Each structure stands twice: as C-alpha cells, then as structure tokens.
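Working notes, structure below.
There are 2 protein chains.
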Amino acid sequence: MDRLDSKQLYDMWTELGMEVKLHDKLLENSEKLHKRNYLWQTNRPIAMKLFDTALHDSHGQRVAEIVDYRNAGGKSIGTFCIYVPDEIAMAADVLNIPLCGGTGFTVDYADKVLPRDICPLVRSTFGMAISGTCPYKTLKDFVLGETTCDAKKKTWDLFGIRSLEVPQKKNPVDKALWLGEVKSFMAQLEDLSGVKVTAENLREAIKKQNRKRSILNSISAFRKLENPPISGLDALLISQVALNMDIDAFILAGEMLLKELEERTDKSISAYSAPGVRVLMAGTPSPMGYAKIHAAAEMSGLRVVMDESCTGLRYSRGNVPEDLQTVEEMVVAIADRYFDIDCACFSPNSERMENVRAVIEEFNVEGVIHNILQYCHGFNVEAGAQDSIFSEINVPSLKIVSDYSQEDMEQIKLRLEAFGGIVENTRGDR
Amino acid sequence: MDRLDSKQLYDMWTELGMEVKLHDKLLENSEKLHKRNYLWQTNRPIAMKLFDTALHDSHGQRVAEIVDYRNAGGKSIGTFCIYVPDEIAMAADVLNIPLCGGTGFTVDYADKVLPRDICPLVRSTFGMAISGTCPYKTLKDFVLGETTCDAKKKTWDLFGIRSLEVPQKKNPVDKALWLGEVKSFMAQLEDLSGVKVTAENLREAIKKQNRKRSILNSISAFRKLENPPISGLDALLISQVALNMDIDAFILAGEMLLKELEERTDKSISAYSAPGVRVLMAGTPSPMGYAKIHAAAEMSGLRVVMDESCTGLRYSRGNVPEDLQTVEEMVVAIADRYFDIDCACFSPNSERMENVRAVIEEFNVEGVIHNILQYCHGFNVEAGAQDSIFSEINVPSLKIVSDYSQEDMEQIKLRLEAFGGIVENTRGDR
Chain A
1 MDRLDSKQLY DMWTELGMEV KLHDKLLENS EKLHKRNYLW QTNRPIAMKL FDTALHDSHG
61 QRVAEIVDYR NAGGKSIGTF CIYVPDEIAM AADVLNIPLC GGTGFTVDYA DKVLPRDICP
121 LVRSTFGMAI SGTCPYKTLK DFVLGETTCD AKKKTWDLFG IRSLEVPQKK NPVDKALWLG
181 EVKSFMAQLE DLSGVKVTAE NLREAIKKQN RKRSILNSIS AFRKLENPPI SGLDALLISQ
241 VALNMDIDAF ILAGEMLLKE LEERTDKSIS AYSAPGVRVL MAGTPSPMGY AKIHAAAEMS
301 GLRVVMDESC TGLRYSRGNV PEDLQTVEEM VVAIADRYFD IDCACFSPNS ERMENVRAVI
361 EEFNVEGVIH NILQYCHGFN VEAGAQDSIF SEINVPSLKI VSDYSQEDME QIKLRLEAFG
421 GIVENTRGDR
Chain B
1001 MDRLDSKQLY DMWTELGMEV KLHDKLLENS EKLHKRNYLW QTNRPIAMKL FDTALHDSHG
1061 QRVAEIVDYR NAGGKSIGTF CIYVPDEIAM AADVLNIPLC GGTGFTVDYA DKVLPRDICP
1121 LVRSTFGMAI SGTCPYKTLK DFVLGETTCD AKKKTWDLFG IRSLEVPQKK NPVDKALWLG
1181 EVKSFMAQLE DLSGVKVTAE NLREAIKKQN RKRSILNSIS AFRKLENPPI SGLDALLISQ
1241 VALNMDIDAF ILAGEMLLKE LEERTDKSIS AYSAPGVRVL MAGTPSPMGY AKIHAAAEMS
1301 GLRVVMDESC TGLRYSRGNV PEDLQTVEEM VVAIADRYFD IDCACFSPNS ERMENVRAVI
1361 EEFNVEGVIH NILQYCHGFN VEAGAQDSIF SEINVPSLKI VSDYSQEDME QIKLRLEAFG
1421 GIVENTRGDR
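From first to last, the protein sequence lines are chains A and B. Following my numbering, the numbering of the first sequence begins with 1 at its first residue and continues without gaps. Following my numbering, the numbering of the second sequence begins with 1001 at its first residue and continues without gaps.
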C-alpha cells in the first residue's frame, strides 16, 4: 500500500480513538531515544535504515497496513509472549500482534490500575492502552495472555483477558498440558477466522516462520566474528521490529542486510571503531522502545555479541521440521519447539544453563551482563543460579536491574565501563 | 517430654550448629514484638497463654521434641506452603515442618543470595537459614517447595530444592496434574519413612487433620458474634502456631480455648473493650513472628473478625470426607481439597471472589484490608480485581503494602484509623 502522509496518519489515529496529542509526545520521546540509543553509531550497515524505518512505522504505516487488513475482513489478536505459536496463527490466517510495551513514556499511566512495583513492561503496555496511545487497541479481535509470570498472569485476570497456560516444569505431564493448550489455541483461532488449519497451510507457515528465524540466526552468526560487521545494538533493533513488521517485509529486509553483512565481512568492515570486551546480554526482554542497557554497554566500549533474551536468541532459537505430513504431527512439533524455550518461568530451568554455556563458547563471550527489568523475580533470582555456572568457567558477570526510566543511564554506563575493565584484567585467567 | 531448662536449650542450639548469640538477639526481638503486638490486649481468654507458650516454644521446646523424634528414627521434611497435603505426610509417618519465616530480624541476611526486591517471607526464611538462626535447618530429611509464585519457585532452583508443581489454572487437565503431584509426594514420603500409606493410617490422618481444621473453624465462628470473645489478633496467633505445634498438643489447647470461648459468650465477655468497625484481613500470610498489620488494626480500634489468608481461613477451609474406603479414593479427595484452595497463583481465581463475598456476609464484615507483603505481585494485583467486587456491594477497602520492618507501624495505624472513620461514615449506604 501507499505510504500515508502526515495528515492521513493523524486522521487514522483519530479514527482509532487515540489521544493524538499525547501520542505526539510519545512519538517525540521515542524518536529522541532512537537517536540517542542507535544513531550515534558511526559505522552501521546501510540496510539498517530499513529497520530504523520499521521502528518509526510501528505506530504509523504498519498500523495503516493492519487497518487495511482488518477492513478487508482480516482477523488479528494481541499477545505478549514468544510462547504464542506463530505458525498456527499464520496457518489459521490470524495476524498475531505482539503488544509488549517498551516505552517509559506510558509506565506511570498504569498507576490507576496496577501496582508501581511490578515490571515496567507490563506497566508500559497497559499504560499505553489506558492513556490512549496504543494504536493497536481496537485492531484486534481478542487479546491472549499467558501464565509465564505472576505480574502478567494476574494482570490478565484483572482485565478479564484469556490466557494460554505455560506450565512450570518440563515433565511429560507438563508437555502434554502444553500440547493441549496449543491445540486449544488452534481451535480458538480457527473459530475466529473460519479458516481450517490444514497440512498445507500449516507446512507453509512453518516454512515461513523458520525462514524468519533463520534470518535472525544468520544475522547473529556474523556476531561470532572477531570484528562483527553489525553491532549488538543494531541486532537488538532487528529483533525488536521483527515482532511488529509484516513477515514478508521483514524477510526481504533481512535478506538485504545479510547480503550487505557478507560484503562487509569480505571487506573487513567492522561495526565497531575500537576494540572491546565481548559480552552476552542475558535475562529479560528489551521490547521496541527500550534499548537503554544495550546502548549503555556499547557506548561504554563493550560489544554485545549475543542477546539470549526474548528479544534475542530465545525468540529465534530452534526451527520446526518442514518434512512432516499430518497436521497432528506438525502441531506436536510446534508445541515441542515452543516448549523448549528456556524462560525463567520453568523450574528448574536447566536448559537455559546449558544453552547459555553453549552461547558463551560459540560467541567467544568474555563477560555476561544480567539485564534484568526491575521486579522480574524470575530472571532476577535465576541470575544467581547462572552465576554459579559462570564462576565455574571463570566468566565474570554483572547484574543490572533497571526500568524504562532514563535517569540511571550515566550511572549504568559507569558500571559497564568498570565491568569492561574487570573483564580485561581477568582475561589471563581463562 | 520434660521441659528443657535454659542450659539444656543452649546445649541443643549449639549441637544443632546454630549461631547461638545471634539467635539470642532474634529471640529477644521476637519477645519484644510479641509483647508489643499481643500482650497489650486487656481481655484475652486465659487459654491464650497456651498459644503464647507455643510461640515461645517454637524455637525451644518444640525443637527439642523434634530432635527427640528424629533421634528415635522419625523422619521430617521442611515445607513452605499450605498446598502440601498434611494427611499424606501424617499417614506416611513423616513430620511436616512448615518453615516460612515471619521475622524481620533475618531479612537482610538474605542479601548475600537473594534480591532485595522479593517478598520478605522468602527473604526471612532464607535469611534464617543463612544466618544460622533457624533451629530446624538440620532437622529434616529434605525440603519441599512448590511453584506458587515466581520468587519462591526460583529460590528453590537457586538452592536445588525439589518442589511440587501447583498448576496455574483450574481446568480438568490441571486437576489431573495436581493429583499426579500429590501421588508423587506420597511416593516420596513412603520412600523416606518406609511406611506404606494404607486405608487405615490415611483415614486416621484425615480425621486428625479434619479435627485440627474444625477447631480452627470453630474458633473463627465465635468471631461472627457482635462481641467476639476472642480478638482477631489472638485468632492469628493460634493460626500461626497451629503450623508449628504438635498436632495433639494443638487439639488439646484448641479444645480448652473453645470451652472458655463458650463460657465467655454465655457471660457476654468480649475481647474488645470498645466498639469497633468489623474488618476482613485479606491477602498474603502473616507467618509466626509477623503480626504488624493485625496489631496496628486492632490497636486502631478496628476488629479483625476474619482473616482469609494462608494463616487464616485459606488454611482451615474445607475438610476431607472421612467415609472413604480405598487409598485411591482418599488420595483423590485429599488432592481435591487442596486444589480448592483459592491462592492468587491461580488464573482466574474466581473461587476466591466467591469465597470472600461469602465471608463478608457470614462475618458481617464492614470493610476489607488488603494486607499485602511487598513484592507479592499475585495478591497485590489481585486486590484490584477484588475491589471491583467490593465496590459492587459497597464494602470499602484499604490496601496496605508492607514488609517485616517496624518503621511504618505508626503510619499504618494512622491509615487504619482513618479507614475506620470512612467505614463508619458509609454505614448508612449499605
């Protein structure tokens, strides 16, 4: 579709019942942060412009696409978690719109209904809805939560939102429960769209989602290089917008970027202008709008060479086999793929321990940053369990607990700089 | 057994490997708080002395009993939740020692291993273990957690503690999962003690636990009266020590108290010296050592006529049928009874909404206090959902989020006094 001009955008937002003036301020704030967090980088791939635009479009052109889609009878749901099986939504012809908020601008608007001491992601999301600055508020047939943490689980109850039950252990009985949830999800979406999930449309959806994840993983692979042609910050931006962009547009942009990254590698063009300690960002997600910790790290001379959060490897790891024959086989394989996600909601979360250890080796990680959104008890406490593994293999770690406010940026930079120094000094010990 | 004298107690604590000097300070602190919270009351039943003593004994004589029991080959486990089925532990001849900490004295000792911003109950418990002030640390064969909240769930992982999976919904598949957990619990305990659970010993255990719960419920029933012969504070103390006392000793003490409460009722002896607004205490537990909010409420002229927490009705509600024939039937009935507990860990938690509404009616409740331990996202967010029901039936509520520190006591009293005034002023509206 054609790009909307400024007047058309404002008309659209007004028609969507948004608080347009407040939304203007939100956009202004977002652009300012995007400039500060991302645009200071001096040696970005040109193709990153596509993802900058996607970020910009997430409240504009992308919304217009979805308005069009729904006006033509398309169905959509709003979700908050990477456990929601994209393949099934796609096969049932239902658009899944992830809604997790990353803007600090709306956090305090949640005060009317939610406690101040729950995670900023939940508060930002519902603050957007409450303040009339979420363009997707009316662009969905229903919202689907999940039971991955106390704060989200109880927020669904408060708003009467249905949810998928993600179990808490990884025993056979839990796997069976989860398969049941995935099947019930499929039935709900078939019911919504009137489109039956078939072996054909599901196989196509599997291939498409595999393609998307493979692109993310291929981009990540460049970060294993001694001098990565893409920064950790830009890789984060790609992961963030991957959840919002039209999948075909994302695949196209991703392929262009991959080609450029190959060329940059051939020409030894690094994203970084100075050497730097290689760190893994571990823990909670950084949804679109939130890049403070990644920016602080790379501004402080660290290189974020991998991110194992839900806006990183946790989202892209693991594909679904493409050679399955029946819907049942495919649904089981999809349920398995999502069940393997190593969220801190599982107890014990042994897979994460193994996964992180492998990532450290594969990406030549020298230090780990526990990037923890405040009041996320799950990842916060689990950082302690992870540290006992890191100390076994002599990998230093630093825990940063923060939120969507900007006040602590400079303080965090200081801590990260000091951490970089510590890692450099212990290089000989490994 | 004979009561240990002071020297014998110190010898025992030393043999248990405790930090005796620090423990002395903890006891001093506990006695001071017990005096402040409970002993200001002017018209307590005489039998309350039995429960004051039980509180005092929880770190002394009760420990000695358990040392004796274990020296004679008895088995015991440490637990943290009222979802652990007491009947099964008792039938398998395993003593269940609830370990939830209620003392603020040890909270900061948890800093070494746990974040500061998780609930004080978890921090107090592990702070006791870490500081060497928990007398039960070595008096158990294993510790068994459960998955009722993020903070506890991840703390088990951190310490390698096994846990029961309490599911998050109340669908048939969850009920089946829970039954499996209860059966696995039984197998673990049979394995530990070498005692097989039979129809006979399980029926006896059901009867005994029913008797204990019935006593608690009979005591509660007196609080429905216009002038209750027992205060909310004393009822809390009874609930707190019920989790620690030898069950036979508890039943004996409870029966003595019940008799006295009947006599007091006949003679119109009230526990309160002045009229007061009738409130329900709702939300998180107040484990042994923590009575700040209840004390603040009754010191401010309110009457806590019911407590629906885990140290209140949530623990005593619902008995298991005594006329069942097979172990299987009984285990299913036990699993059902515990599955019906209306903890905020369930989503949605509709049963709690219905239960609280019934309690309000039955106990002539005029106002509700949401008593929320800080960082308990579950009960904190759920308070909002409850409020929408309370406003439907014109029952005012007040949310108090606090922890085990004592600094906010006076401020909380002021808020509770003001709340009492509000309830009095709106009496005409109902």
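By construction, the Cβ of each residue, glycine as well, lies at the ideal position given by its N, Cα and C atoms. Please read these numbers as outputs of a predicted model, since none were measured by experiment.
Buried or exposed: where does residue i fall if 16 or more other Cβ atoms within 10 Å of its Cβ makes it buried?
i: residue 71 of chain A; result: exposed
i: residue 40 of chain A; result: exposed
i: residue 321 of chain A; result: exposed
i: residue 1015 of chain B; result: exposed
i: residue 1371 of chain B; result: buried
i: residue 1172 of chain B; result: exposed
i: residue 1422 of chain B; result: exposed
i: residue 1 of chain A; result: exposed
i: residue 1118 of chain B; result: buried
i: residue 380 of chain A; result: buried
i: residue 1328 of chain B; result: exposed
i: residue 1209 of chain B; result: buried
i: residue 8 of chain A; result: exposed
i: residue 1391 of chain B; result: exposed
i: residue 1347 of chain B; result: buried
i: residue 1026 of chain B; result: buried
Out of curiosity, what's the CA-to-CA distance linking residue i and residue j?
i: residue 1246 of chain B; j: residue 1260 of chain B; result: 21 angstroms
i: residue 399 of chain A; j: residue 374 of chain A; result: 11 angstroms
i: residue 214 of chain A; j: residue 313 of chain A; result: 11 angstroms
i: residue 184 of chain A; j: residue 84 of chain A; result: 12 angstroms
i: residue 1113 of chain B; j: residue 384 of chain A; result: 7 angstroms
i: residue 340 of chain A; j: residue 164 of chain A; result: 16 angstroms
i: residue 1231 of chain B; j: residue 1305 of chain B; result: 8 angstroms
i: residue 1127 of chain B; j: residue 1107 of chain B; result: 5 angstroms
i: residue 303 of chain A; j: residue 278 of chain A; result: 5 angstroms
i: residue 1220 of chain B; j: residue 1254 of chain B; result: 12 angstroms
i: residue 222 of chain A; j: residue 104 of chain A; result: 31 angstroms
i: residue 216 of chain A; j: residue 241 of chain A; result: 11 angstroms
i: residue 233 of chain A; j: residue 159 of chain A; result: 34 angstroms
i: residue 1310 of chain B; j: residue 1194 of chain B; result: 31 angstroms
i: residue 1357 of chain B; j: residue 1283 of chain B; result: 14 angstroms
i: residue 56 of chain A; j: residue 1096 of chain B; result: 58 angstroms
i: residue 406 of chain A; j: residue 1023 of chain B; result: 43 angstroms
i: residue 198 of chain A; j: residue 67 of chain A; result: 27 angstroms
i: residue 243 of chain A; j: residue 286 of chain A; result: 12 angstroms
i: residue 148 of chain A; j: residue 1047 of chain B; result: 46 angstroms
i: residue 1426 of chain B; j: residue 345 of chain A; result: 44 angstroms
i: residue 51 of chain A; j: residue 140 of chain A; result: 24 angstroms
i: residue 1319 of chain B; j: residue 1251 of chain B; result: 16 angstroms
i: residue 1154 of chain B; j: residue 1307 of chain B; result: 28 angstroms
i: residue 99 of chain A; j: residue 337 of chain A; result: 22 angstroms
Name the two residues that bound the continuous beta strand (DSSP E) containing residue i.
i: residue 373 of chain A; result: 367-373
i: residue 1360 of chain B; result: Per DSSP, residue 1360 of chain B belongs to no beta strand (DSSP E); it is in the alpha helix (DSSP H), 1350-1362.
i: residue 1029 of chain B; result: First-last for residue 1029 of chain B: 1020-1038, but that is the alpha helix (DSSP H), not the beta strand (DSSP E).
i: residue 76 of chain A; result: 75-79
i: residue 1096 of chain B; result: 1094-1098
i: residue 1397 of chain B; result: 1397-1402
What are the start and end residues of the alpha helix (DSSP H) that includes residue i?
i: residue 125 of chain A; result: 120-131
i: residue 1062 of chain B; result: 1061-1071
i: residue 1306 of chain B; result: Taken as a continuous stretch (DSSP letters only), residue 1306 of chain B belongs to no alpha helix (DSSP H), being part of the beta strand (DSSP E) at 1303-1307.
i: residue 49 of chain A; result: 48-57
i: residue 1428 of chain B; result: Careful: residue 1428 of chain B lies outside any alpha helix (DSSP H) and carries neither H nor E.
Original post:
In the stretch 1215-1290 of chain B, which residue ranges form an unbroken beta strand (DSSP E) of at least 3 residues, counting only runs that do not cross its ends?
Top reply: 1278-1283
**OP:** May I ask you to list, following chain order, the residues of the stretch 162-180 of chain A that have a beta carbon less than 9 angstroms from some beta carbon of chain B?
**Re:** 163, 165, 166, 167, 168, 169, 171, 173, 174, 176, 177 and 180
Original post:
Got a sec: which bits of the stretch 374-386 of chain A sit with their beta carbon under 9 angstroms from any beta carbon on chain B, in order along the chain?
Top reply: 374, 375, 376, 377, 378, 379, 380, 381, 382, 383, 384 and 385
Original post:
Just by C-beta distance, which residues in the stretch 1386-1412 of chain B are closer than 7 angstroms to chain A?
Top reply: none
Subject >> Inside the stretch 142-168 of chain A only - alpha helix (DSSP H) runs reaching at least 4 residues >> reply: 150-159
**OP:** Jot down the residue ranges of each uninterrupted alpha helix (DSSP H) in the stretch 1169-1204 of chain B, minimum 4 residues, whole runs only, in chain order.
**Re:** 1172-1193
Subject >> Contacting positions in the stretch 104-120 of chain A - beta carbon closer than 9 angstroms to chain B >> reply: 113, 114, 115, 117, 118 and 119
Subject >> Residues from the stretch 1320-1350 of chain B in contact with chain A, defined by Cβ distance under 7 angstroms >> reply: 1344, 1347, 1348 and 1349
**OP:** Check each residue of the stretch 1144-1158 of chain B: if its Cβ is closer than 8 angstroms to any Cβ of chain A, include it; give the result in chain order.
**Re:** 1147, 1149, 1150, 1151, 1153, 1154, 1155, 1156, 1157 and 1158
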